[in-house]
Amino acid sequence: MNKNENKRYERLSAKSKGQLIIESENVLQEMQQKFENTIPGMEYFYDVAKQYAGGQLKNPERKKYIATNCIQVPIELIYAANALPIRICSGAYSMSQAGAGLLPAKSCSLVNATLGTIYTNSFPLAQKPLTIITPTTCDQKKKLSEIPSGIDIPFYTLEMPPSKDSEEAQEYWYRSVKKLKGELERITGNRITRSKLKKAIIKVAQAQRAFRHFHQLRKEEAVIRGTDAILIANTFFYDNIDTWTSHLVSLNAELEMRKSRDHNGSESRYPRILLTGSPSIFPNLKLPIMIEKMGGSIVADEFCSSNRLLYDTVAVDEWNMYDMVPALSDRYLKACTCPCFTPNNDRERKILAYIKDFKVDGVVYQSFSGCQLYELESLRISAVLEKENVPMLYVETDYSPDDKGQLATRTEAFIESIKNNL
Amino acid sequence: MDYFTGIDIGSTAIKIAIIDEDRKLVAWKVAPTGSKFNENARDAYNALIQEHNIRLPEVQHIVSTGYGRRLYKSADDTVSEITANAIGASTVSHEHSIRTIINIGGQDSKIIKINAQGFVQNFIMNDKCAAGTGRFLEMASRNLEVDIDQMGEQHKRSLNRSLTVNSTCAVFAETEIISLLADGNKKEDIIAGIHTSIARRIARLAGRTTIQDDVLFDGGTAHNSGLIEALEEEFMRDFIVPELPQITTAVGAAYMAMDLFLKKNLHQTVS
Amino acid sequence: MVFQILAFLLLIYGGYLSIHIGTSIPTFACPYNQECPGTCYLISVQHQAHNTWASLFGFRGKAFLISLLSFVLLFIVINKAWCGYVCPLGTIQDWITKLRNRMGISFSRYDDLSFKRLKAIKYVLLVLLLFIPLGMSNSIFGLPLFSHDLGAPFCQICPGRVITPLFIGDTSQLFIDFTNTTTMIMSSLGIIVLAMFLIGSFFKKRFFCFFCPMSALHYLFSRFSMLRLIKNGDNCTKCGNCYRVCDVGIKAIAEDIEHSYMVKDDCMMCFKCIEACPENDCLKVSFLTMPVFKSTEEGFFSRNLHLNSEMQKPSKTIIEDE
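Chains A, B and C, in that order, give the protein sequences. Heads up: the first sequence runs through residues 662 to 1083, numbered per the working numbering. Heads up: the second sequence runs through residues 1303 to 1573, numbered per the working numbering. Heads up: the third sequence runs through residues 161 to 482, numbered per the working numbering.
1. Rounded to the nearest angstrom, what separates A1552 (chain B) and I1321 (chain B) at their Cα positions?
2. Excluding sequence positions up to five away, which residues of its chain have a Cβ less than 7 angstroms from the Cβ of N925 (chain A)?
3. Between the stretch 715 to 726 of chain A and the stretch 816 to 833 of chain A, can you find at least three pairs of beta-carbon atoms closer than 8 angstroms?
4. Starting from G762 (chain A) and walking both ways along the beta strand (DSSP E), at which residues does that stretch end?
5. To the nearest angstrom, report how far apart L303 (chain C) and D309 (chain C) are at their CA atoms.
6. So, is the C-beta of A412 (chain C) closer than 8 angstroms to a C-beta in chain A?
7. Against E828 (chain A), what residues of chain C qualify as contacts under a CB-to-CB distance less than 8 angstroms, listed in chain order?
8. Is L290 (chain C) helix, strand or coil by DSSP?
9. Would E457 (chain C) count as contacting chain A if we go by Cβ distances under 8 angstroms?
10. Using a Cβ cut-off of 8 angstroms (strictly closer), state whether A766 (chain A) contacts chain C.
11. Can you pull the chain C neighbours of E1077 (chain A), defined as C-beta to C-beta under 9 angstroms?
12. Beta strand (DSSP E) containing F447 (chain C): first to last residue?
13. In chain order, what residues of the same chain lie with their CB nearer than 7 angstroms to the CB of N1428 (chain B), ignoring the 5 residues before and after it?
14. Output yes if chain F places a C-beta closer than 8 angstroms to the C-beta of T1070 (chain A); else output no.
15. Is DSSP giving L1083 (chain A) helix, strand or coil here?
16. Going by DSSP, which residues form a beta bridge with I352 (chain C)?
17. List the residues of chain C that A976 (chain A) touches, going by C-beta distances under 7 angstroms, in chain order.
18. Short of 7 angstroms Cβ to Cβ, which residues in the stretch 1311 to 1329 of chain B face chain A?
19. If I'm right that N440 (chain C) touches E457 (chain C) with Cβ under 8 angstroms, what's the distance once you round it to whole angstroms?
20. Can you name the residues that DSSP bridges to K1331 (chain B)?
21. S939 (chain A) and Y1060 (chain A) look like a contact to me (Cβ under 8 angstroms); what is the Cβ gap, rounded to whole Å?
22. In chain A, which residues lie with their C-beta within 7 angstroms of the C-beta of I1520 (chain B)?
23. Relative to the alpha-carbon of T797 (chain A), which residue among A:E828, A:S837, A:I812 has its alpha-carbon at the smallest distance?
24. What residues from chain B crowd round A1074 (chain A), counting only those whose CB sits closer than 8 angstroms?
25. Please classify P1062 (chain A): does DSSP put it in a helix, a strand, or coil?
26. Would E915 (chain A) count as contacting chain B if we go by Cβ distances under 8 angstroms?
27. For chain C, find out if any of its Cβ atoms is closer than 8 angstroms to the Cβ of N981 (chain A); answer yes or no.
28. Are A774 (chain A) and G760 (chain A) closer than 8 angstroms when you measure CB to CB?
29. Smallest Cα separation from E722 (chain A): which of A:A976, A:L786, A:S966?
30. Are the C-beta atoms of D1429 (chain B) and some chain A residue less than 8 angstroms apart?
31. Name the chain A residues that come within less than 7 angstroms of Y1374 (chain B), Cβ to Cβ?
32. Hey, how far is the Cα of L989 (chain A) from the Cα of G198 (chain C)?
33. What residue range is occupied by the uninterrupted alpha helix (DSSP H) comprising M263 (chain C)?
34. Among residues of its own chain, excluding the 5 on either side of K1331 (chain B), which ones have a beta-carbon nearer than 7 angstroms to its beta-carbon?
35. At a Cβ cut of 7 angstroms, what residues of the stretch 991 to 1010 of chain A count as close to chain C, listed as they run along the chain?
36. Starting from the beta carbon of G1066 (chain A), find every residue of chain B whose beta carbon is closer than 7 angstroms, and list them in chain order.
Okay, here's the thing in structure tokens:
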């Protein structure tokens, strides 16, 4: 880069970071102020989200960190290599603006924003990541590393099979994960030993246990707003995992108490909504906030950024490396309902199960413009839901705020129609 | 006499409907939206009630709807235009049982499926794009220098020699229209082509759902007989077009105003 | 686990206490071990099959039916849990597995195709096991009568015959019988199978069970049993945890979401799958119709990862912070 270019780059980077802080604060304010009856235990999660936006995540032990570009990266391996996994999939409009210039016009906002984050160096931590791990889930993410943009951080492509049910696909994925283990050892310079990996699996399992408890609590009644629930899962990567877990445990206790006291986060007579499709990532909580403002209650979601993030577990039979690594691989493949897999009947089954378990009145399906996989799968899901007589609202949107008016009309009409038919 | 008002503030026009306590439409008005939603709506409303000698306190409840519903300060309640449209549609026509509404407005086009009770079952809306909306027609009328009210007449004159306008984007269509004109094509054939293009766009939008009879077509564009013909051709079925297609949604809002008022009163007398 | 050891002690050393359970035990209780308290049904059925057609349809047939009935009756109570909890050969294999695990050596699995092909072997063995003794007394398909030296042919190759006596210090079965060609072939086959048993079960969990004709015989009656392994496919996320811990490697437990009866021919009803299942009420064991043991989310975390519930209670410091 020559001097002028460098200057322009600095300017873009500074501007984007500034906008990120503003837009994040606006969203947090909207979440904290526009709704009554906030839960004290949420404060911590709001704080962490704020730190993330400001690029001020805590890392007191000054550990090396690895950026992950998707939740399909086995984070247990990263913990076992004595490094921190930080997911950089971004929900920031400012970042999508910064990244849009580097990618074809029809790219989805999430991919634009993620590239924008990397390009403008707006990582949530002060230092740069050692590497960026990108699983080959969707085509756009897969090709990110090949975009000529002068990014000097190495990408690592984690190969994923296009299907998950066949023996060949599973074998392929085991080998891919095994290779990643070796690669992580090389990158971090730390050996992943049997006991370290076991510790990491258990550490994540504790978070999973708290998360599953949280999930169960929401089944009974709407103890917490769906927007808050999404934010909680979003912040998983943004703080020390043990701290995060213990705060979720306290929040669960609080919710349990509220439940018995009959204090609802959002009132249960509101239409109960299930949110699915392209993932809402902080600060892009436009649609969930809109739904809850219009009087819907998001009781569950089927997002990789939220419910899918920590739900699936690891079962190890023999605590040796030869069984732990495949067991770990299983967690990220077999129960996964990402539309990058074909066939993906499991997603249908999961959505139908959630509708039953969470007593859902209507489904809102979010597709980011350009997110082909979720767009394609919406056709099938909507057919299935029509057969089951569950109303579904399909929303195509992106990170920009300019369709808020249209969204308001759609979500409001959808919620009105559910209310009338209740 | 008690009156109930529905105000539909759309992107192009403000539609006001007033019904009396016997649910009879007593007054209605269409005025341009302009840039000041609240003021324009207020002025139009005041003018309307003066015309019909209705005193302000006689109006018991006002429900606003449409894109600018939240900006109208004196509304007692707001409702989305989709719900209002559904209710309006089922009250407009008595002899038919409407199950699908196609509404093409200034900036939105919607396909709404309703049940026998007039409640919305499902709906589809266009994305943020002017193709297949009233805006597209407006733009064409400007380019062709044909009054928008005359477009239906012109369409008839085309006698099935409709040209194809391929561009779905309103901006690109403009260029296409100009080049069609430059090639010496007749205006009426171009207009027929534009209507077909819009109808095709709506049909594609409807592709996500199954259309059930009877189908009601409303919104400001339903005044255009040429568009009706093109749509009927594209959907291969007959549409019901209300007498006052532009105010169905406002009428629906007025009905809702009455229901809400009655519900509230009932609540008060009970407690 | 404890039950397994008790069953092992009973079936190997029960004779010292003069216990006698009968001659139709649906598991490997090998009378070649002189302190065995009962008889493996496989040996009974082979002896009974060693009869002419005429007598099989007469008085001896009745004896055959009675012993079959008592086999089925015993079996019907605990289904294939005989394999998982009672069978001494199974227990020995589990010990070998434990040894391998300690040594940090990886186990192996069959791929789908081999699994499908190899699982048929136990049925072939079962048919031979009945057919050969019959052929010693009757001419089948015009074949000459088989040599009486074949004895109870499956026992000749069964590793239980050699191993179980070893536990009471009896090494008398550990030899090759050079009396004639038949005995020589059969006894060397026995030694070969023994070697395969030991080596195989070192690298593959429950190696022998996969080929066991007793297991095949069980499966014919399994559906009528009172003890059942039931799956509710609606609650299954196909996470594959159950398959991962399955010693015999039954994939259907993870992938089949349509059927509810989950005892497959290779299943030993060890119920590790239920322990590994993180979904509430997805897998369960029921006796008659009463649920005995169910999969639960809490159970998953405490059993598999040994997370105690203390960790899920809010710590004081955090509450005070706020």
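Here a beta-carbon is modelled for each residue, glycine too, at the ideal position from N, C-alpha and C. On a predicted model such as this, the values are computed, not experimentally measured, just so you know.
Let me spell this out:
1. Position 250 of the second sequence, counted from the first residue, corresponds to residue 1552 (chain B). Position 19 of the second sequence, counted from the first residue, corresponds to residue 1321 (chain B). Each residue's Cα considered, the two are about 10 angstroms apart.
2. Translated into positions along the first sequence, residue 925 (chain A) becomes position 264. Residue confidence for N925 (chain A) is low, a pLDDT of 49 falling below 50, so the modelled location carries little weight; the figure read from the coordinates is stated next. Setting aside the 5 residues that flank it on each side, N925 (chain A) is surrounded in the same chain by E882, A883, V884, each with a C-beta closer than 7 angstroms to its C-beta; the list follows chain order.
3. They do not touch, by the three-pair rule.
4. Locating residue 762 (chain A) in the first sequence gives position 101, where the first residue counts as 1. Looking at the DSSP string, G762 (chain A) is not in any beta strand (DSSP E), and its letter there is neither H nor E.
5. In the third sequence, counting from the first residue as 1, residue 303 (chain C) sits at position 143. In the third sequence, counting from the first residue as 1, residue 309 (chain C) sits at position 149. Taking the straight line from one Cα to the other gives about 17 angstroms.
6. The residue you call residue 412 (chain C) lines up with position 252 of the third sequence. Proximity of A412 (chain C) to chain A, defined by a Cβ-Cβ separation below 8 angstroms, is not satisfied.
7. The residue you call residue 828 (chain A) lines up with position 167 of the first sequence. In chain order: D271, D272.
8. Counting from one through the third sequence, the residue named residue 290 (chain C) turns up at place 130. It is helical.
9. The residue you call residue 457 (chain C) lines up with position 297 of the third sequence. True, the Cβ-Cβ gap to chain A drops below 8 angstroms.
10. Taking the first sequence and counting its residues from 1, the one referred to as residue 766 (chain A) is at position 105. With respect to chain C, the C-beta atom of A766 (chain A) has no partner C-beta closer than 8 angstroms.
11. Position 416 of the first sequence, counting from 1, holds the residue named residue 1077 (chain A). In chain order: nothing, as chain C lies at least about 32 angstroms away.
12. Working through the third sequence from its first residue, we reach residue 447 (chain C) at position 287. For F447 (chain C), the uninterrupted beta strand (DSSP E) run begins and ends at 443 to 447, by DSSP.
13. Locating residue 1428 (chain B) in the second sequence gives position 126, counting from the first residue. The answer, listed in chain order, is D1410, S1411, G1434, T1435, L1507.
14. The structure shown contains no chain F; the protein chains it does contain are A, B and C.
15. Here residue 1083 (chain A) corresponds to residue number 422 of the first sequence, with the count starting at 1. DSSP places L1083 (chain A) in coil when its eight states are reduced to three.
16. Within the third sequence, numbered from 1, the residue matching residue 352 (chain C) stands at position 192. I352 (chain C) is not bridged to any residue.
17. Taking the first residue of the first sequence as 1, we reach residue 976 (chain A) at position 315. Here the neighbours are N401, R404, V405, A436, N464.
18. Residues: none.
19. The residue labelled residue 440 (chain C) in the question sits at position 280 within the third sequence. The residue labelled residue 457 (chain C) in the question sits at position 297 within the third sequence. That pair is a contact at about 6 angstroms.
20. In the second sequence, the residue the question calls residue 1331 (chain B) occupies position 29. According to DSSP, K1331 (chain B) bridges with B:I1318.
21. As a working mapping, residue 939 (chain A) is identified with position 278 in the first sequence. As a working mapping, residue 1060 (chain A) is identified with position 399 in the first sequence. S939 (chain A) to Y1060 (chain A), Cβ: 11 angstroms. No contact.
22. By 1-based counting over the second sequence, the position of residue 1520 (chain B) is 218. Just to set this straight, residue 1520 (chain B) is Asp in the shown sequence, not Ile. Within chain A, no residue comes near D1520 (chain B); the closest Cβ sits about 16 angstroms away, beyond 7 angstroms.
23. Here residue 797 (chain A) refers to the residue found at position 136 of the first sequence. Taking only the C-alpha atoms, the option nearest T797 (chain A) is A:S837.
24. Here residue 1074 (chain A) is taken as the residue at index 413 of the first sequence, counted from 1. Residues of chain B with a Cβ closer than 8 angstroms to the Cβ of A1074 (chain A) are, in chain order, S1382, E1383, I1384, T1385, V1422, F1425.
25. Along the first sequence, read from residue 1 onward, the residue named residue 1062 (chain A) stands at position 401. Look at P1062 (chain A) here: in three-state DSSP terms it is helix.
26. Indexing the first sequence from 1 puts residue 915 (chain A) at position 254. Cβ-Cβ to chain B under 8 angstroms: no for E915 (chain A).
27. As a working note, residue 981 (chain A) is residue 320 in the first sequence. So yes, N981 (chain A) belongs to the interface.
28. Here residue 774 (chain A) is taken as the residue at index 113 of the first sequence, counted from 1. Here residue 760 (chain A) is taken as the residue at index 99 of the first sequence, counted from 1. In this structure, the beta-carbon distance from A774 (chain A) to G760 (chain A) falls below 8 angstroms.
29. Looking up residue 722 (chain A) in the first sequence gives position 61. Comparing Cα-Cα distances from E722 (chain A) to each of A:A976, A:L786, A:S966, the minimum goes to A:L786.
30. Position 127 of the second sequence, counted from the start, is the residue given in the question as residue 1429 (chain B). Answer yes: the Cβ-Cβ gap between D1429 (chain B) and chain A drops below 8 angstroms somewhere.
31. Here residue 1374 (chain B) is taken as the residue at index 72 of the second sequence, counted from 1. Result: empty, since nearest Cβ-Cβ is about 14 angstroms, beyond 7 angstroms.
32. For the purposes of this step, residue 989 (chain A) is taken as the residue at position 328 of the first sequence. For the purposes of this step, residue 198 (chain C) is taken as the residue at position 38 of the third sequence. Taking the straight line joining both Cα atoms gives about 45 angstroms.
33. The count along the third sequence starts at 1 and reaches residue 263 (chain C) at position 103. 248 to 263 is the extent of the alpha helix (DSSP H) around M263 (chain C).
34. Looking up residue 1331 (chain B) in the second sequence gives position 29. Apart from the 5 residues on each side of it in sequence, K1331 (chain B) sits with its Cβ closer than 7 angstroms to the Cβ of I1318, A1346, L1350 in its chain, given in chain order.
35. Close to chain C, meaning a Cβ-Cβ distance shorter than 7 angstroms, are the following residues of the stretch 991 to 1010 of chain A: D991, K995, A996, D1007.
36. Taking the first sequence and counting its residues from 1, the one referred to as residue 1066 (chain A) is at position 405. Here the neighbours are Y1369.
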